[in-house]
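Student: Numbering (the numbering used here), first residue to last: 7 to 113. Built from N, CA and C at the ideal position, the CB exists for glycine as well. Here the structure is a predicted model, which means the values were calculated and not measured. The following block contains the structure, expressed as structure tokens.
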């Protein structure tokens, strides 16, 4: 290590105010990333053909659909033996449905 660098490191004194501000900024960053991660839906795949499910579209209308194996969806929440999933509907947004938990597998 060069003598100049050793001299600078020997004379360096951390400023407590800068350390506190850096710690708060780092904590806020970690909290923001954790919050975003916890609110991100997990992907699921339909493993077997589910009976006809009722899709609720973003405009509050409803449609029935038979989910085929291999269909990908986003897990939105668990409600007992059923789970709420979201399916992407082009030009409309995410449609939600309640399906039995045994129809799905996490991907």
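1. Nearest by alpha-carbon distance to residue 46: which of 62, 81, 10, 55 is it?
2. Count the other CB atoms within 10 Å of the CB of residue 39; is the residue buried (16 or more) or exposed (fewer)?
3. For residue 143, does the three-state DSSP call read helix, strand or coil?
4. Could you tell me which of 74, 11, 97, 43 sits nearest to residue 58, measuring between CA atoms?
5. Please report whether the beta-carbon of residue 29 lies at a distance below 8 Å from any beta-carbon of chain B.
Tutor: Answer, in terms of the structure:
1. 81
2. exposed
3. Residue numbering for the chain in the displayed model covers 7 to 113; residue 143 lies beyond these limits and cannot be assessed.
4. Nearest to residue 58 by alpha-carbon distance, out of 74, 11, 97, 43, is 74.
5. Any reference to chain B falls outside this structure, which holds one protein chain only.
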